[in-house]
Structures are given as structure tokens and as C-alpha cells.
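In what follows, a structure is listed as C-alpha cells, so that the remarks can point back to it.
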Amino acid sequence: MTMQDPVWAYLKDRDLTLGPPPHKSDALRHWTLTRDAQGVAWAVLDKRGASANTLSQEVLEEFARILDSIDGRAPKALVIRSAKREGFLAGADIAEFRGVVDEAAIRSRIEAAHAVVDRLAALTFPTVAVMHGYAMGGGLELALACTQRIAVDGTRFGFPEVQIGLHPGLGGTARFTHTCDPIAAMSAMLTGRTIHDRQAKAMGLVDALVPERHVQAAVDAAVAGTLPQARQSLVDRAKDSAPARHIAARQMRAESEQQAPSAHYPAPYALIDLWEEHGGDLEAMKHAEIASFARLMLTDTAQNLIRVFFLRQKLKDLAGEAAPPPPLLHVHVIGAGAMGGDIAAWCAWKGLRTSLSDVKPEPIGGALARAARLYEKIAHGDRLKLRDALDRLIPDPDGLGIVQADLVIEAAPEKADLKRKLYAEIEPRMKPDAILATNTSSIPLPELREGLARPERLVGIHFFNPVSRLDLVEVIAHDELAPEVEAAARAFVGRIGKLPAPARSAPGFIVNRILTPYLAEALILMGEGLAPETIDRAAIDFGMPMGPLELADQVGLDVALDVAAMLKRELDWPLPDAPQWISDKVAAGDKGRKTGRGIYVWHDGKPVKARAEPPDPELADRLILPMVNTAAAVLREKVSDDPDVIDAAMIFGTGFAPFRGGPIHYAKQRGVEEVVTTLRALEQRYGARFAPDLGWDAFR
212 MTMQDPVWAY LKDRDLTLGP PPHKSDALRH WTLTRDAQGV AWAVLDKRGA
262 SANTLSQEVL EEFARILDSI DGRAPKALVI RSAKREGFLA GADIAEFRGV
312 VDEAAIRSRI EAAHAVVDRL AALTFPTVAV MHGYAMGGGL ELALACTQRI
362 AVDGTRFGFP EVQIGLHPGL GGTARFTHTC DPIAAMSAML TGRTIHDRQA
412 KAMGLVDALV PERHVQAAVD AAVAGTLPQA RQSLVDRAKD SAPARHIAAR
462 QMRAESEQQA PSAHYPAPYA LIDLWEEHGG DLEAMKHAEI ASFARLMLTD
512 TAQNLIRVFF LRQKLKDLAG EAAPPPPLLH VHVIGAGAMG GDIAAWCAWK
562 GLRTSLSDVK PEPIGGALAR AARLYEKIAH GDRLKLRDAL DRLIPDPDGL
612 GIVQADLVIE AAPEKADLKR KLYAEIEPRM KPDAILATNT SSIPLPELRE
662 GLARPERLVG IHFFNPVSRL DLVEVIAHDE LAPEVEAAAR AFVGRIGKLP
712 APARSAPGFI VNRILTPYLA EALILMGEGL APETIDRAAI DFGMPMGPLE
762 LADQVGLDVA LDVAAMLKRE LDWPLPDAPQ WISDKVAAGD KGRKTGRGIY
812 VWHDGKPVKA RAEPPDPELA DRLILPMVNT AAAVLREKVS DDPDVIDAAM
862 IFGTGFAPFR GGPIHYAKQR GVEEVVTTLR ALEQRYGARF APDLGWDAFR
């Protein structure tokens, strides 16, 4: 056997237990099917031309051919496995869901897919799904149709379909609620949350949790019938009785309404209806699931949330579209306040050696304490991961890490003079090939690069608060920026699991430029005598995750005032001056959540609100259309020349109502002419700040 032999090539890098080496088959592009010496068949999925396995129509059709081939000569057992190192199956191929319009065609296709999975479930010999990395959506539904499920340590599970406006559609709603505690199963599907390995084992979603080196032994035990099989308890089955379902369904609707209002997100309520009506009958629930899934697929919510899925993928691709730059090994963060400390904590969590400095030691101590609390939450009980992350986060009051760092991130207060003075001190200490990044939220970079010896190595890397939860990071370019530095900045953002949104340096960049008129209008409305709760309710009713005044408190009233003043000055915006009462609040130290008092009083991290009066229907337009209008201006001025990037930045940076697809997409769906007409009417009533931007002409 030579090194060029295909079997040797298959074996030499293999670290997964995949059964016997496969032989080439003209009939299969994505799967291989082999039998081992014990007569066990191994169906291994390695989707051609893809980095991850998805359950596309072609993949399912091939699996049906595998079932055909074993019908005539039944194996001792069937093992289903992935050859992709990263994971088992990421779910359905969502690209196949885009733009569908024919409900009957969707139902027909889902019925055909159900038939394949049902054939797997009906096999009379043992069927074993071996999962590693992740098993999501349709991939987990396929595994649930097997008689047993084995997971490698660290595997993540979930049904994230609700995040794209759907619920499981390959029999998963029925099989999950008949395999585990149905209340726990419904909770997982309604939230789309990730189920970690030990939790999956405890709830009976998997029968065995083993290291990779023990997979073969676990498979052997499953084939021999000695691997214990998780089964629903009598209590779990009682929860599937009709009276129990009716009681639980009421509670589920009430809880879902708090997170995903039924007016905007129909999928959770369709799932609850499905379970409440059919939960006790596996076959009836599977059949009803098909019709429910097809109806949801045609909703604007599902199609817009599918769009959001691809917007996320587009930003991910922007992290690595250029040639890969040299890897960053050491990051140094200057400024241990809320933003700087949390940026450093996140970089360390993502595997980078990170030093953190500040002019005083106390903020560094506070940042380390916050990091420890964060790691406790996201380590999911893995003490080694927590320990290693804390080891990588280095308190550095003297800034010694600046000399070694590949990337220095400045997170100082939003004052250009202060930042330039800081750069003059640190640039001579940095390695010549190191990158200097500013986390400024709005200051144009040409203003910050004055006096730098190497201005081509200054880039904007603007995070959003809270860093651990908001995925967007604006990567800001200026006309002297070296292309390789911009590429390295995007790659760094991707390396730490965030989404880079490229932007040209301009006041406010993308997000704060678009967000500021929204916040400003909310303050104007307060000045007109409206209660903050009513103003916030108008935005929440539109679909925003929180109202503008609560958001202003979250950002910090001092920060919001500074950004608004700068943008008004730089862009000559026709905005009224900030109300004096806001300036007085800030001067008195009432800056929002961080001080416990701002527009609202904050208690335990939440605003204390009175009951909101129903808002006037016009209120939403007064709040939302200034954002939409400014998005057109940002596109016209080529702060970003891609409307998808602008929409993605607002969704992932501010939570702009995801089911509406972003501000520019919302304008297109509503109708550009109607948006412009409404803006003109608002301009006549309230002033020049509502004047339609010239950028709308490009949409006509």
C-alpha cells in the first residue's frame, strides 16, 4: 500500500470512529455505506463541497437510497455518523426555504421527507445515531428516529427553528415530546436554546455520553442490546395527557408572549397549538406538524427571519474573505471600564492571551470580577474552561503587555484629545507590525490618527454593549488604512466569534448614526409630555426588543448626549438641542443603568416602569422612520455601500425588529413611496428632521 492509495489517504488523518474504510460509489455523492466484519452497516455523511452537513433534499434522497439498499439484505444494525470533524448535522439546508410561495408544494416536499425518516424509525434492527460537535434541527430529528443515540463529550443539541419563524418539521415535535419530559422538550423548542451534553443525557435525549475513543465500545453495546436506553417515566407520560397539556399550554403562551409577541412571531404559538391538540398521539402530531410547518413557511416573519440567517452568514464570510493574515496571539486592552474590561474578558474566553491596563488598579479588579461571573455562566460547569480563561486574562496595571501585543485595543472615554494623547504614549512602545484599534463609538478616525507615526495601522473595532451578548462589531476603515490591517481586523472579529460589519469612517459610523435620531425623537416626545413607558411601548409594539428610553439608559445618558451632540455638529442635523432636564440629570450623576437612575430607576438590573398607556398609532412612525430615513442616508453617503450590511448591523447591533428584516428591507416591504409620503407628512407637522433623504431616489 502506498501513500497515494485512496484508502490510506482516508485513514491517515482520521480521528473519528467511522466504521470500515469506504469504497467509491457512483450512486452516492454525500454518503458512504459500508459493513464491518460483524455485519453492522455504517452510513457516514460527508456533504460534498460543504464545510458542514445539512439535511438538503439531495442528502435525504440519497439516504432513502441507502435504506433501499439495505432492505434486501438487512444488516445486524445501522450506525449513522458524520465524517465532518466539526459536527453531526446542522439541520435543514435553509437556502431551500428562501422565497417559497406554494403551500401545497411545501407540504408535498415535507411529506416526502417525513416518509424517509419514518422508514428509518420503522426498521426492525437496531439503529444508532453517533453524534459529535453539534446535532441541530433536522439532524437531531433524524437521530430521534433511531432506536438509540450516542453522543461524544461536548456535543451540543437543539431545535433552533423558532429563530427562523418555524418549528421542527421532520417529526421532531412529536418524537421529542415522546422521548423526553414533554414540558422540557417544548421549552427547548419554544426558545431554540442549546442543550449541552450533560443536560441532554439527564433529560434522556441521548442514551450514552462518551469520549471519542469509546465510541466503538458504545456502538458494540447498542448493537448487543446492553446499552441502557432512556425512556419516558410515568410522570413524563402523564404530562402528555390532555388535561395536563391544556394547563401547561396556557402557561407556555403567557411566557412566550413576554419573549416573542404573537402579533409578530406566530411559530411558538403554532407549536403550542400543535402539542396541546395532538400531543398524546405520535402519529397525529407528526401528520399535523406537516400542515403547520407549511403554513408558517409562507409567513413574512419566517421569510424575513430566514433572510436574517443569511445576513448573519454574510457577515461571517466578511471575516475571512481575504487571504488569511498572520494569527493574533496577544491582545492588549487599554481601559478596564464596562466596555474595555468586557472586551478583554471576551478575548480571553475565546482563547487569546489578553492583558488589561488602566490608569487605576481598581477598574482592573472590577473587570476581573465581572469576567469571573461571566465565565461561570457560559462555562456550563466546565471548571477547566473557566480556569483557563481566567489564566489568559492578565491584569497589567503598568501596560507591559503593549510591547508584546499583536493588537492593542483602546477603550478610553469618548474624547478625541484624550485618545490622541494616549496614542502618543503607546505607539512608540508597540511592535512595528502591531495593530492599533480604537473602540470609539462615533469619532471619525481621521480625527484620531493625527500625529500617529503609522496611521495606516489604526483601525476602528467598535464593540457593542453588552459585549458577551451582542454579536456585531463595526470594523471602521479610513482612507489611509492599510488593506492588510483591515483584513486582519475582520479576521480577529471572526476569530472571537463576532460578526464584522465593515464601514467607512464617518460620524457615528453605521449603528450610532442610524440609532441617534430614534433616541432623540424619544426625548422630544417626552418633552411633549408623553410618559416614557408609553413611548417605549410604541417601539416594543413595532417589534423592537426594548424601547428607546430604556435603551438610552442602558447605553448611558452621558454617552447618548455626547454622540448626539457630535453628530449634530458634524452633520449639521436639524435636531433640537437636548432637553435641559437630560443635561441636568447627567450633571447630577443620574446616567442610567450604570448609576441606578436615569430616565428610569433601575433595580436588580431592570428598569422600574409604570403601566404604559396604549400609544397613538402615529407614535411608531415618529420613532422608527427617522432610523429608516437615516439608513438611506448612510447608504447614499457610502458609509456602507451594501444595504444588507446596513440591515445586518442594525439587527445584530441594536436588535432592530428581526422579523422585519432590517430598516432598508422594511422600507422596501412597506413601500418606498409610502415611507417617503409619510416622512413628508411628518416633516410638515414636526419639522425638517423628518425630511426624506435624497437616498430614496435610488430605490425608485
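Here the sequence shown stands for residues 212 to 911, numbered as in my numbering.
Glycine included, C-beta positions come from ideal geometry on N, C-alpha and C.
Note that this is a predicted model, so its numbers are computed, not measured.
Note down, in chain order, each residue of its chain lying with its Cβ closer than 8 Å to the Cβ of residue i, except the 5 sequence neighbours on either side.
| i | result |
| --- | --- |
| ALA499 | LEU485, GLU488, HIS489 |
| ALA399 | GLY369, PHE370, PHE387, ILE406 |
| LEU229 | TRP253, VAL255, ARG292, ALA294 |
| ALA627 | ILE654, GLU658, LEU659 |
| ARG581 | GLY552, ASP553, ALA556 |
Please report how far the alpha carbon of residue i lies from the alpha carbon of residue j, in whole angstroms.
| i | j | result |
| --- | --- | --- |
| GLU272 | HIS325 | 12 Å |
| MET737 | GLU885 | 27 Å |
| LEU618 | PRO537 | 12 Å |
| HIS814 | ARG276 | 60 Å |
| ASP607 | LEU585 | 20 Å |
| PRO393 | LEU401 | 12 Å |
| GLU423 | LYS805 | 46 Å |
| ARG900 | PRO837 | 8 Å |
| TRP784 | ARG724 | 11 Å |
| ARG594 | GLY380 | 37 Å |
| GLY546 | VAL570 | 8 Å |
| ALA750 | THR510 | 22 Å |
| ALA699 | GLY283 | 56 Å |
| ALA340 | PRO233 | 18 Å |
| ARG330 | THR384 | 17 Å |
| ALA559 | THR565 | 6 Å |
| LEU420 | TYR345 | 13 Å |
| LYS450 | ILE305 | 33 Å |
Does the distance from the CB of residue i to the CB of residue j come in under 8 Å?
| i | j | result |
| --- | --- | --- |
| ILE361 | ASP431 | no |
| SER544 | ALA555 | It should be pointed out that residue 544 corresponds to Val in this sequence rather than to Ser. Contact flag set, yes. |
| PRO728 | PRO655 | no |
| THR623 | LEU629 | The sequence shown places Ala at residue 623, rather than the Thr named in the question. Yes, Cβ-Cβ distance for ALA623 and LEU629 is below 8 Å. |
| THR452 | GLY415 | The sequence shown places Ser at residue 452, not Thr. For SER452 and GLY415, no; Cβs fall outside 8 Å. |
| SER568 | GLY610 | yes |
| ILE687 | ALA714 | yes |
| LEU266 | LEU300 | yes |
| GLU685 | ILE721 | yes |
| MET347 | GLY382 | no |
Can you name, in chain order, every residue of its own chain whose Cβ lies under 6 Å from the Cβ of residue i, other than the five neighbours on each side?
| i | result |
| --- | --- |
| VAL856 | ALA712 |
| ILE810 | PRO743, LEU760, ASP764 |
| HIS591 | HIS407 |
| VAL614 | ARG640 |
| LYS223 | Confidence at LYS223 is low in this model, with a pLDDT of 39, below 50, so the placement of that residue should be treated as unreliable; the coordinate-derived value is given next. Hits under 6 Å: none found. |
| LEU563 | VAL542 |
| VAL887 | PRO903, TRP907 |
Bridge partners of residue i, per DSSP?
| i | result |
| --- | --- |
| VAL544 | LEU567, ILE620 |
| MET342 | ALA362 |
| GLU685 | HIS673, ALA712 |
| PRO818 | TRP813 |
| ARG367 | TYR345, HIS407 |
| GLY803 | ARG808 |
| LEU647 | VAL619, LEU669 |
| VAL883 | Per DSSP, none; premise fails for VAL883. |
| ALA303 | LEU266 |
| PRO606 | LEU567 |
How would you call residue i, buried or exposed, if buried means at least 16 neighbouring beta carbons within 10 angstroms?
| i | result |
| --- | --- |
| ILE589 | exposed |
| LYS374 | The sequence shown places Gln at residue 374, rather than the Lys named in the question. So GLN374 ends up on the buried side. |
| VAL434 | buried |
| SER152 | Coverage of the chain is limited to positions 212 through 911, which leaves residue 152 absent and any answer about it impossible. |
| ASP447 | buried |
| ASP827 | exposed |
| PRO869 | buried |
| PRO825 | exposed |
Any heavy atom of the ligand ATP closer than 7 Å to the beta-carbon of residue i?
| i | result |
| --- | --- |
| ASP593 | Judged by which ligands are present, the structure shown has none, so any question about the ligand ATP falls away. |
Once you ignore the five residues that flank residue i on each side, which residues in its own chain have a CB closer than 7 Å to its CB?
| i | result |
| --- | --- |
| PHE703 | LEU539, LEU618 |
| LEU677 | The question names Leu, yet the displayed sequence has Pro at residue 677. If we look at PRO677 and ignore the five residues flanking it on each side, its Cβ neighbours are ASP553. |
| ARG871 | ASN515, GLY754, TYR877 |
| LYS802 | GLY767, LEU768, ASP769, GLY809 |
| LEU682 | One point to set straight first is that residue 682 is Asp, not Leu, in the sequence displayed. Result list for ASP682: LYS709, LEU710, PHE863, in chain order. |
| PRO286 | ARG246, GLY250, VAL251, ALA252, PHE336 |
| LYS820 | GLU744, TYR811 |
| LEU579 | LEU604, PRO606 |
| GLY365 | ASP408 |
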